[in-house]
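When the sequence shown is numbered by full-length UniProt numbering, its final residue is 646 and no position is left out of the sequence of numbers.
Below is one structure; the comments refer to it alone.
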Amino acid sequence: MAKHYERFNAMLADEEHVQFHEVHEIVVQKLGHIPIVKGDFAHLPNKVQRFVAAWVQECRPRAVYICDGSDEEAHEIIHKLEERGLLHKLRKYEECYICRTDPADVARVESKTFVTTEDKYDSVAHVREGVQGIMGQWMSPELMEVEMNNRFPGCMAGRCMYIIPFSMGPIGSPLSKIGVQLTDSNYVLLCMRIMTRVSPKVWEVLGDNEFVRCVHSMGCPRPVQRKVINHWPCNPEKILIAHFPEIREICSYGSGYGGNSLLGKKCFALRIAMNIARDEGWLAEHMLIMGITEEKTGRETFIAAAFPSACGKTNLAMLNPTIPGFKVRVVGDDIAWMRFDENGELYGINPEAGFFGVAPGTNMKTNPNAMLTCLKNSIFTNVGETADGGFYWEGLEDEVDKNIAITTWLGENWRIGQPGKAAHPNARFTCPAGQCPIIHPKWEDPKGVPISAIIFGGRRPVGVPLVYEAFSWEHGVTVGACVKSEATAAAEHVGKQIMHDPMAMRPFMGYNFGKYLGHWLSLNKAPHKVPKIFHVNWFRLNEKGQFLWPGFGDNIRVLDWVIRRVHEEESIAVKSPIGWLPKKGSINMDGLGPVDWNELFSLPKHYWEDDIRESRRFLEDQANGDVPPAIWKELDELEKRVKEGL
Ligand code: OXD
Ligand code: MN
């Protein structure tokens, strides 16, 4: 068995044989003479002490700093980073900071992201011979051990190791989970404070229970071997993001950016959490949660929606309705943890505490609520800066002085209208969710909110209608399994190819994709009341390449239809071979310019025939033999309906 597992097992074995009072002695010995510059190590839960001690031995930091998540702590770190030049205050706003990364460290790195389990097929599905699997990557424990040994020993030399206790979900909620992240990046600490709940209360709640072990290093021990650019240490050539679901551990090396380093987010709340969710019978999904209240009746409906990156998920979650009569409030914009309660109702929480939104394209028209959320206590990464101390990115052309001097994310002087871009396409704002003007009052309710509908969507320029409803849970899961979208700037892919992104989880799969579909299907059992499932496409183009649907705030018109379907309005839907479509005229189009209903909802037969063939092929290629029979049955039936009915 690989050393990584052995070390973990040794840590557990210790536990069985060693008395409580002895543990502390042992661990302190293991820490050697590494000073603890903040916090009381002796007060950490035993399991955490062991975890820290093992990694201190491995990474050999110069000091250990136990974080408490307080504002004083944040100010201390901000001050340090300002002195170093990594952060710079945006004087136009309150407590907002800008930072530029090494231009080689700007996005999630899927090609370096792995899941390691003893059995390969626990991590990934069986792919067809000769096919490159894209639903997650497995690395054997043996090889992973070699890769880790190549990176982690001594990787924090000359740096401080920060110990971050955090809760995903409200601290103490039965739906929440606890993590402890060790990192040598204090920028990561600042972002973790925004994106998760960092607090010493976590230690109390944790007690002797299990937690997700997160280890992160920028891979730049001192003295540095590699030139540090923009005061942003990283090691892009050696990036490795390793997940060990069996021992609930994440080890990330070489990148300081976003999902690569804020391990609570994609690594924990999706890849590891989906393993926990499978074992415990719930769902950890790449979904927003929003509540929509119809003002006339006061009825509120909560929706969870999954979209691949770059489909405007954050904009939808904070939608500003263009028609009267609706109040939208956001619970979460990226990740949903959902569980059926004892009465069979599905409840969801947002495990995160902040928004890590794509900045370019966000403005007062597309997402005023996000703009208002990030005017204080926020961090901006890889955006441009205006001469008067404000942020700038593509999309803000109409909101800043056209003549103002701008420094681009690459540090160049630039002005609006000149060639080139001010911000990197994956530039981000990191801001506290609680500051959002339309945050839902129940966003931190420990029970979560009741989810009545699940929506899947993608960027589909042709063939796919604005909205349709699946006939059943099984059909809906199949629709989710066949989600596709144009590629994104959030990952390292280039170009605009249409990629399969089942359930919008392709980059975040933490176990065998076929078994994951099986898990979804298994939830349709008594007493569970499974929600209706829909598919939307805001991005269909006409022959001239123009959008057929205005999108953004007008998407409320589609959500209105969805809500009415959830509440069993039968007369507004017509049966089509692919699912229930809105009956002509049943979507409120008041005040919209001309909308070509027929084109928006047309179902070109050849397109659908090809699409089904291609989806079938994708599933065969990617999860040969692991795809549950119910999915094949749904595809067969869909194919038959399309053949006969279109
Ligand atoms: C993200 C994503 O949220 O890529 O960053 O999905
Ligand atoms: Mn996302």
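For each residue, glycine too, the CB sits at the ideal point set by N, CA and C.
Let's see if you can read the secondary structure: which residues bound the beta strand (DSSP E) around residue i?
{"i": "A317", "result": "Per DSSP, A317 belongs to no beta strand (DSSP E); it is in the alpha helix (DSSP H), 313 to 317."}
{"i": "K327", "result": "326 to 332"}
{"i": "R299", "result": "299 to 306"}
{"i": "I498", "result": "498 to 500"}
{"i": "S452", "result": "449 to 457"}
{"i": "Y347", "result": "346 to 349"}
{"i": "E486", "result": "484 to 486"}
{"i": "M338", "result": "336 to 340"}
{"i": "E295", "result": "No beta strand (DSSP E) contains E295, which DSSP labels as neither H nor E."}
{"i": "Y468", "result": "467 to 469"}
{"i": "L44", "result": "Unbroken run through L44: none, as it is neither H nor E."}
{"i": "V115", "result": "113 to 115"}
{"i": "L283", "result": "283 to 285"}
Using C-beta distances below 6 Å, list every residue in its chain close to residue i, excluding the 5 sequence neighbours before and after it, in chain order.
{"i": "A387", "result": "I404, A405"}
{"i": "I178", "result": "S167, V202, L206, F211"}
{"i": "H231", "result": "R84, G85, L86"}
{"i": "G480", "result": "F456, M503"}
{"i": "H21", "result": "Summary for H21: the model assigns pLDDT 49, below 50, so the residue's position carries little reliability, and this model does not support an answer."}
{"i": "M505", "result": "H286"}
{"i": "L619", "result": "V627"}
{"i": "R159", "result": "P61, D184"}
{"i": "V574", "result": "L581, K583"}
{"i": "S173", "result": "P446"}
{"i": "P35", "result": "A63"}
For the ligand MN, I want to know if residue i counts as a neighbour, meaning its beta carbon is within less than 7 Å of at least one of the ligand's heavy atoms.
{"i": "H243", "result": "no"}
At a cut-off of 7 Å, would you count residue i as near the ligand OXD, judging by its Cβ distance to the nearest heavy atom?
{"i": "G259", "result": "yes"}
{"i": "F429", "result": "no"}
{"i": "R108", "result": "yes"}
{"i": "F513", "result": "no"}
{"i": "F356", "result": "yes"}
Closer than 8 Å by C-beta to residue i: which residues in its own chain qualify, once you throw out the five before and the five after it? Chain order, please.
{"i": "D596", "result": "N542, L548"}
{"i": "R641", "result": "P577, I578"}
{"i": "Q19", "result": "Its pLDDT being 48, under 50, Q19 is placed unreliably in this model, and the coordinates cannot settle the point."}
{"i": "N363", "result": "M371, G395, L396, D398, E399"}
{"i": "V530", "result": "L346, W473, L523, N524"}
Residues in the same chain with beta-carbon distance under 7 Å from residue i, minus the five sequence neighbours each way, listed in chain order, please.
{"i": "E634", "result": "E474, H475, T478"}
{"i": "L646", "result": "P577, L603, K605, W608"}
{"i": "G448", "result": "L175, Y347, G348, I349"}
{"i": "F539", "result": "R459, R460, P461, F547"}
{"i": "V188", "result": "H216, G256, S261, L262"}
{"i": "D554", "result": "T322, L592"}
{"i": "K38", "result": "Y65, I66"}
{"i": "K92", "result": "D388, G389, G390"}
{"i": "C191", "result": "L262, I379, T430"}
{"i": "E469", "result": "K532, F534, R565, A573, G579, W580"}
Within the continuous alpha helix (DSSP H) that includes residue i, where are the two ends?
{"i": "G645", "result": "629 to 645"}
{"i": "K605", "result": "605 to 623"}
{"i": "W597", "result": "597 to 601"}
{"i": "T478", "result": "473 to 481"}
{"i": "M274", "result": "273 to 280"}
{"i": "K38", "result": "Looking at the DSSP string, K38 is not in any alpha helix (DSSP H); the run it does join, the beta strand (DSSP E), is 36 to 38."}
{"i": "K120", "result": "120 to 123"}
At a threshold of 7 Å, does residue i count as lining the ligand FMN (C-beta to nearest heavy atom)?
{"i": "G348", "result": "Absence of the ligand FMN from the depicted structure is noted, with the ligand OXD and the ligand MN being the only ligands included."}
Taking 8 Å as the threshold (beta carbon to beta carbon), is residue i in contact with chain C?
{"i": "L638", "result": "Any reference to chain C falls outside this structure, which holds one protein chain only."}
Give the list of continuous alpha helix (DSSP H) stretches no shorter than 4 residues that lie fully inside the stretch 353 to 441. Correct list: 368 to 373.
Secondary structure, alpha helix (DSSP H): runs of 4+ residues fully inside the stretch 130 to 214: Segments of the alpha helix (DSSP H) lying fully in the stretch 130 to 214: 141 to 149, 186 to 195, 201 to 206.
How would the residue list near the ligand MN read, in chain order, if you kept each one whose beta-carbon is closer than 6 Å to any heavy atom? Taking each Cβ in turn, the ones that pass are H286, S309, D334.
Which complete beta strand (DSSP E) runs does the stretch 227 to 261 hold, if anything under 3 residues is left out? When DSSP assignments are scanned along the stretch 227 to 261, the uninterrupted stretches of beta strand (DSSP E) that are 3 or more residues long and fall wholly within it turn out to be 240 to 244, 249 to 253.
Give the list of continuous alpha helix (DSSP H) stretches no shorter than 4 residues that lie fully inside the stretch 522 to 587. Runs of the alpha helix (DSSP H) lying entirely within the stretch 522 to 587, each at least 4 residues long, are 556 to 566 in chain order.
Could you pull out every unbroken beta strand (DSSP E) segment of at least 3 residues lying fully inside the stretch 57 to 103, listed in chain order? Scanning the stretch 57 to 103 for uninterrupted beta strand (DSSP E) segments of 3 residues or longer gives 63 to 66, 97 to 99, listed from N- to C-terminal end.
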